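Presented below is the structure to which this report refers.
Chains as they are written, first to last, in our numbering: chain W, 522 to 639; chain L, 1093 to 1203.
Listed below in structure tokens is the structure:
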């Protein structure tokens, strides 16, 4: 099956710093990728839809200036958490559909990035 | 907006027993998907249901999509320790392309 990688797998940073998380589709192209956040023992909450070549679409309540998304190529999307604070500590997961079409396609999830902000 | 609810939140099952987890959407869905997330891992796709009333089986797992395409269920027979994890349903609305995840059912198996 399709493979999605994320880097880094975990990161610890000081409050106020920015952290960049990369999401790559390794063996397929993804014009759309999704970014989720998952708090311990909770469900996945969609943060934004990353679109190659255009602006990301953010879900209600997600600050676009705090969570910067750049979909630079058909295989790479990045999420930058700017001026991170302890409440941003979470598990961030990206996913991509298994073909160029989003509808009716399973999502392949990356392994996730665990962010801890001190 | 769309809401997807799952019950139960937790399921403690004796090894060898059966159990069912239920998923209900506040809106009609174009399709529903099920994922399994092992502790410390990421969600892994299990199956997708598209048709009203559809039933699909994967070995000991049986997935069903309701006639109204607003609910779904996952039934596991003869539970094994390898079934441990959290099972999420995720619904896609007819007019949208994003998945809304349910809260998940965390399954613990007692040997």
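Here a beta-carbon is modelled for each residue, glycine too, at the ideal position from N, C-alpha and C.
Since the structure is predicted, the reported quantities are computational estimates derived from the model, not experimental observations.
Minimum C-alpha distance to residue i - residue among the options
i: residue 1182/L; options: 1094/L, 1193/L, 1145/L, 1203/L; result: 1193/L
i: residue 1134/L; options: 525/W, 540/W, 569/W; result: 525/W
i: residue 1095/L; options: 1113/L, 1118/L, 1166/L; result: 1118/L
i: residue 1114/L; options: 1174/L, 1106/L, 1099/L; result: 1099/L
i: residue 1122/L; options: 1142/L, 1112/L, 1128/L, 1137/L; result: 1142/L
i: residue 1185/L; options: 1167/L, 1172/L, 1162/L, 1199/L; result: 1162/L
i: residue 1107/L; options: 1146/L, 1195/L, 1171/L, 1167/L; result: 1171/L
i: residue 1195/L; options: 1116/L, 1149/L, 1110/L; result: 1116/L
i: residue 1151/L; options: 1198/L, 1169/L, 1111/L; result: 1169/L
i: residue 589/W; options: 596/W, 616/W, 576/W; result: 576/W
i: residue 607/W; options: 523/W, 529/W, 540/W, 528/W; result: 540/W
i: residue 1198/L; options: 1174/L, 1101/L, 1124/L; result: 1101/L
i: residue 1153/L; options: 1167/L, 1177/L, 1145/L, 1200/L; result: 1167/L
i: residue 611/W; options: 637/W, 596/W, 628/W, 632/W; result: 637/W
i: residue 1145/L; options: 1155/L, 1173/L, 1126/L; result: 1155/L
i: residue 523/W; options: 613/W, 551/W, 529/W; result: 551/W
i: residue 599/W; options: 533/W, 528/W, 543/W; result: 543/W
Exposure label - residue i; buried when at least 16 CB within 10 Å
i: residue 1104/L; result: exposed
i: residue 1180/L; result: buried
i: residue 1160/L; result: exposed
i: residue 581/W; result: exposed
i: residue 531/W; result: exposed
i: residue 1147/L; result: exposed
i: residue 592/W; result: buried
i: residue 623/W; result: In this predicted model, residue 623/W has a pLDDT of only 46, less than 50, meaning its place in the structure is not dependable enough to derive any value.
i: residue 618/W; result: buried
i: residue 609/W; result: buried
i: residue 537/W; result: exposed
i: residue 560/W; result: exposed
i: residue 554/W; result: buried
i: residue 1164/L; result: buried
i: residue 584/W; result: exposed
i: residue 565/W; result: buried
i: residue 535/W; result: exposed
i: residue 1109/L; result: exposed
i: residue 621/W; result: Low per-residue confidence applies at residue 621/W: pLDDT is 49, beneath 50, and the placement is therefore not dependable, though the value from the model is reported in the following sentence. Residue 621/W is exposed by the Cβ-count criterion.
Residues that residue i bridges to, as DSSP identifies them
i: residue 618/W; result: 628/W
i: residue 589/W; result: 601/W
i: residue 526/W; result: 545/W
i: residue 638/W; result: 534/W
i: residue 1198/L; result: 1102/L, 1178/L
i: residue 1138/L; result: DSSP, once it has assigned bridges, lists no residue as partnering residue 1138/L.
i: residue 596/W; result: None; residue 596/W has no bridge partner.
heavy atom of the ligand GTP below 7 Å from residue i C-beta
i: residue 1132/L; result: No copy of the ligand GTP appears in this structure; indeed no ligand is present at all.
- Task: Entirely within the stretch 539-579 of chain W and at least 3 residues each: give me those beta strand (DSSP E) ranges in chain order.
- Result: 540-546, 553-559, 565-572
Discussion item. Tell me which residues of the stretch 560-582 of chain W have at least one Cβ-Cβ distance to chain L shorter than 9 Å, keeping chain order.
Written reply: 562, 563, 564, 565, 566, 567, 570, 578, 580, 581
Determine which residues of the stretch 540-553 of chain W have a Cβ less than 9 Å from any Cβ of chain L, and write them out in chain order.
553
Review point. Which of the residues in the stretch 1192-1203 of chain L, read from start to end, lie with their CB under 9 Å from any CB of chain W?
Key: 1192, 1193, 1194, 1195, 1196, 1198
Proximal residues, the stretch 1135-1157 of chain L versus chain W, C-beta separation under 8 Å: So the list reads 1135, 1136, 1137, 1140, 1142, given in the order they occur along the chain.
- [ ] Note down, in chain order, all residues in the stretch 1106-1134 of chain L with a beta-carbon under 7 Å from any beta-carbon belonging to chain W.
- [x] 1123, 1125, 1134
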